[in-house]
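One structure is given here, and the rest of the page talks about it.
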Amino acid sequence: MFEPIPLNLPPYLSRITQKLDKLFIFDELRRKDLVLTPEEWVRQHWVHYLHKHKGYPKSLMRVEGGLKLNALQKRSDLVVFNNNGEKMLLAEFKSPTVKITDKAFRQIANYNSIYKIPLLVVSNGIQHYYCKIHFEENRFEFLPELPNYNSVLNL
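In this text, residue positions in the sequence shown follow our numbering: the first is 324, and each later residue adds one.
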């Protein structure tokens with residue numbers, strides 16, 4: 324059973340319950356209890372952080388969206404839309420014990436080859452990376468911090 328650990332994100336008052344030998348965390352986006360895994364711990368912190376600290380509306384967030392990649396069904400961890408329904412942020416989350424390597428960046432880049440989203444986040448809850456994609460120039464740049472929602476609308 325995963326024991327929640329402090330992350331390098333603002334703490335929040337999560338709703339954790341125990342049923343038999345498993346811990347569950349309430350997902351405010353899907354409005355249900357989910358098994359508390361290390362990756363889910365990171366994802367729920369990010370949803371809270373994006374909403375409360377960066378101004379991203381929860382109503383524009385979608386978790387575990389499906390996509391087809393090379394005939395394989397995959398799931399993105401989090402996609403955020405703008406008010407026009409266009410995808411604007413794609414996030415890939417790992418367990419806090421998983422080191423962020425090229426593999427995680429390749430995974431999100433592969434997903435983004437389908438989505439074409441301008442802002443990427445890769446995080447294990449301890450380390451966070453933010454990347455702005457400039458499609459028209461065929462380049463990317465790492466950002467020192469994640470822009471707030473209103474700033475992303477103007478990127």
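In this text, a Cβ means the ideal position worked out from N, Cα and C, and glycines have one as well.
Between the CA atoms of residue j and residue i - distance to the nearest angstrom
i, j, result
"Leu383", "Thr420", "29 Å"
"Arg353", "Lys381", "10 Å"
"Leu357", "Ser474", "32 Å"
"Tyr472", "Pro361", "26 Å"
"His371", "Leu336", "10 Å"
"Ile328", "Ser436", "33 Å"
"Tyr379", "Phe465", "20 Å"
Buried versus exposed, by CB contacts within 10 Å (16 or more), residue i
i, result
"Glu460", "exposed"
"Lys345", "exposed"
"Asp425", "exposed"
"Asn406", "exposed"
Contacts around residue i, its chain only, beta-carbon distance under 7 Å, and the 5 residues preceding and following it disregarded
i, result
"Asn477", "none"
"Val376", "One detail in the question is off: residue 376 reads as His in this sequence, not Val. Closer than 7 Å at Cβ, skipping near neighbours: Pro333."
"Val445", "Glu415, Ile423, Ala427, Phe428, Ile431, Tyr452"
Residues of its chain near residue i, where Cβ-Cβ distance is below 8 Å and the 5 sequence neighbours each way are ignored
i, result
"Lys355", "Phe349"
"Leu330", "Trp364, Val365, His368, Pro419, Gly448, Ile449"
Residue from the options whose Cα sits closest to the Cα of residue i
i, options, result
"Gln341", "Leu359, Asn331, Glu351, Leu330", "Leu359"
"Phe325", "Trp364, Leu343, Arg338", "Trp364"
I'd like the ranges of any alpha helix (DSSP H) spanning at least 4 consecutive residues and lying wholly in the region 354–441. 361–375, 425–438
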